[in-house]
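When we follow our numbering, the leftmost residue of the sequence shown carries the number 73, and every step to the right adds one.
For glycine and all other residues, C-beta sits at the position ideal for the given N, C-alpha and C.
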Amino acid sequence: MGIGRNLSERKGRELRELREETNIDTNNNKSKKNRRHRQRNMSPGQKLFQTCNQVFASTGPGIVPSPSHIEMLFSVLGGIKKEDVGLKPEMSYFSSNSPRRTPKITYLHIYECEQFSMGIFCLPPSGVIPLHNHPGMTVFSKLLFGTMHIKSYDWLVDVPPHVPTIIKSSQSQAPDMRLAKVKVDADFNAPCDPSILYPADGGNMHWFTAVTACAVLDVLGPPYSDPHGRHCTYYHNFPFSNYSVDGLSIPEEERKSYEWLQEKEKPENLQVVVKMYSGPKIVEN
């Protein structure tokens with residue numbers, strides 16, 4: 073009877089453990105199904121917000137997200153359309169009331185925290201976001217509609233130490249000029265893939281010119297922050313051939329790929345009006 077009782081107890085215990093394991097597996101499967109269900113029903117804007125939260129959670133100034141996170145955010149951003157953020161080309165943001173004046177640009181603020189920011193630049197035809205930098209940032213941009221000319225640069229750093237890449241200004245108060253390499257100089261037509269620039273590569277300094285009315289969705293990680301030294305700096309650009317520097321030689325056929333950049337004050341004619349995003353609601357979890 074003792075053996076029979078032990079056998080019965082062991083079988084009962086095994087049965088209880090099996091039930092518990094089955095319940096755990098069932099609960100896990102239900103949880104996974106619920107997550108997939110929520111993701112399927114999530115708006116594209118909400119999905120972008122959730123992805124940014126994940127991608128930039130452990131990054132910071134100068135720290136680039138992992139390749140898998142970059143691919144994840146690139147994929148989510150690439151799937152967003154103008155309708156997903158409540159934009160239409162006929163909105164007043166994309167028209168210029170005075171053709172003789174520099175068109176006003178509207179920035180629709182979506183979200184900002186210490187890790188990242190999300191927003192949309194709305195440009196009328198001929199609108200320009202002048203040449204500027206993104207210190208310590210990884211930036212994802214998606215052209216939502218229209219045609220935009222993008223020109224971008226990186227500082228020239230892959231040269232021997234003895235090769236000069238800076239021209240000292242002859243004026244005591246004027247900034248020095250520094251040599252940069254042109255990374256992109258082309259028109260982009262929506263729909264197209266998002267562009268990515270990194271803290272030291274991929275075109276960290278760029279400008280946008282609206283060939284037609286257009287909108288671009290920007291994700292910055294981390295965002296600009298004056299208290300933390302991440303200022304937006306603007307630049308003049310000059311052809312490489314304008315200046316001659318001893319010890320610096322670039323073949324004639326390659327010179328158009330290099331330009332001298334010099335810091336300047338924010339352009340007086342740059343008008344950017346900040347408005348709150350009013351598209352489909354994004355919930356902060």
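Q.
Just to confirm the assignment: which complete beta strand (DSSP E) runs, minimum length 3, are found wholly within the stretch 209 to 295?
A. Counting whole runs of 3 or more residues, the stretch 209 to 295 contains the beta strand (DSSP E) stretches 210 to 217, 219 to 227, 249 to 261, 267 to 269, 277 to 282 and 286 to 293.
Q: Consult DSSP for residue 114 and reduce its assignment to one of helix, strand or coil.
A: Along the sequence shown, read from residue 1 onward, the residue named residue 114 stands at position 42. It is coil, neither helix nor strand.
Q | For residue 192, three-class secondary structure by DSSP | A | As a first step, residue 192 is located in the sequence shown; it is residue number 120 there, counting from the start. In this structure, residue 192 counts as strand in the three-state DSSP scheme.
(Q) Taking only three categories from DSSP, how would you classify residue 165? (A) Stepping through the sequence shown from its first residue, residue 165 is reached at position 93. Residue 165: helix per DSSP, three-state reduction.
Q: State buried or exposed for residue 331, treating a residue as buried only when at least 16 other CB atoms are found within 10 Å of its CB.
A: Here residue 331 is taken as the residue at index 259 of the sequence shown, counted from 1. The residue is buried, with at least 16 neighbouring Cβ atoms inside 10 Å.
Q) Where do the N-terminal and C-terminal ends of the alpha helix (DSSP H) with residue 141 fall, by residue? A) Position 69 of the sequence shown, counted from the first residue, corresponds to residue 141. Annotation for residue 141: the continuous alpha helix (DSSP H) segment containing it runs 139 to 150.
Q. Tell me, which residues are paired with residue 309 by DSSP?
A. Taking the sequence shown and counting its residues from 1, the one referred to as residue 309 is at position 237. Bridge partners of residue 309: 333.
Q. What is the DSSP secondary structure of residue 204, counted as helix, strand or coil?
A. As a position in the sequence shown, residue 204 is number 132, starting the count at 1. Strand at residue 204.
Q) Residues in its own chain within less than 7 Å of residue 336 by CB, not counting five upstream and five downstream? A) Within the sequence shown, numbered from 1, the residue matching residue 336 stands at position 264. Annotation for residue 336: 306, 307 and 308 place their beta carbon closer than 7 Å to its own, counting only its chain and skipping 5 residues before and after.
Q: Identify whether residue 178 lies in helix, strand or coil by the three-state DSSP scheme.
A: Numbered from its first residue, the sequence shown carries residue 178 at position 106. Looking at residue 178 - three-state DSSP - the assignment turns out to be strand.
Q. Which one or two residues does DSSP pair with residue 297 in a beta bridge?
A. Residue 297 sits at position 225 when you count from the first residue of the sequence shown. Note: residue 297 sits in a beta bridge opposite 302.
Q | Beta-carbon proximity check, residue 157 vs residue 315, cutoff 9 Å | A | The count along the sequence shown starts at 1 and reaches residue 157 at position 85. The count along the sequence shown starts at 1 and reaches residue 315 at position 243. Contact flag unset, no.
Q.
Alpha carbons only, please: which of 344, 252 and 269 is nearest the one belonging to residue 311?
A. Sequence index remark: in the sequence shown, residue 311 carries index 239 (1-based). Among 344, 252 and 269, the Cα nearest to that of residue 311 is on 252.
Q) Going by other Cβ atoms of all chains shown within 10 Å of its Cβ, with 16 needed for buried, is residue 147 buried or exposed? A) Reading the sequence shown from its first residue, position 75 is the one you call residue 147. Answer is exposed; the Cβ neighbour count stays below 16.
Q) Does the beta-carbon of residue 235 have 16 or more other beta-carbons within 10 angstroms, so that it is buried, or is it exposed? A) As a position in the sequence shown, residue 235 is number 163, starting the count at 1. So residue 235 counts as exposed.
Q) Among 159, 237, 221 and 154, which one has its Cα closest to the Cα of residue 317? A) Here residue 317 refers to the residue found at position 245 when the sequence shown is read from its first residue. For residue 317, the nearest C-alpha among the options comes from 237.
Q | Validate contact between the stretch 256 to 268 and the stretch 170 to 184 using beta carbons, cut 8 Å, 3 pairs | A | The stretch 256 to 268 is not in contact with the stretch 170 to 184.
Q.
Buried or exposed, going by whether 16 or more other CB atoms sit within 10 Å of the CB of residue 369?
A. The first residue shown for the chain is 73 and the last is 357, placing residue 369 beyond what the model contains.
Q: Report the rounded CA-to-CA distance for residue 141 versus residue 245, giving the unit in angstroms.
A: Stepping through the sequence shown from its first residue, residue 141 is reached at position 69. Stepping through the sequence shown from its first residue, residue 245 is reached at position 173. Inter-residue distance for residue 141 and residue 245 is about 43 Å (C-alpha atoms, whole angstroms).
Q: Would you identify the three-state DSSP class for residue 154, choosing helix, strand or coil?
A: To locate residue 154, count along the sequence shown from 1; it is residue 82. Residue 154: helix per DSSP, three-state reduction.
Q) So is residue 113 buried or exposed if we call it buried at 16+ other beta carbons inside 10 Å? A) Position 41 of the sequence shown, counted from the start, is the residue given in the question as residue 113. Counting of Cβ neighbours within 10 angstroms places residue 113 among the exposed residues, the total staying below 16.
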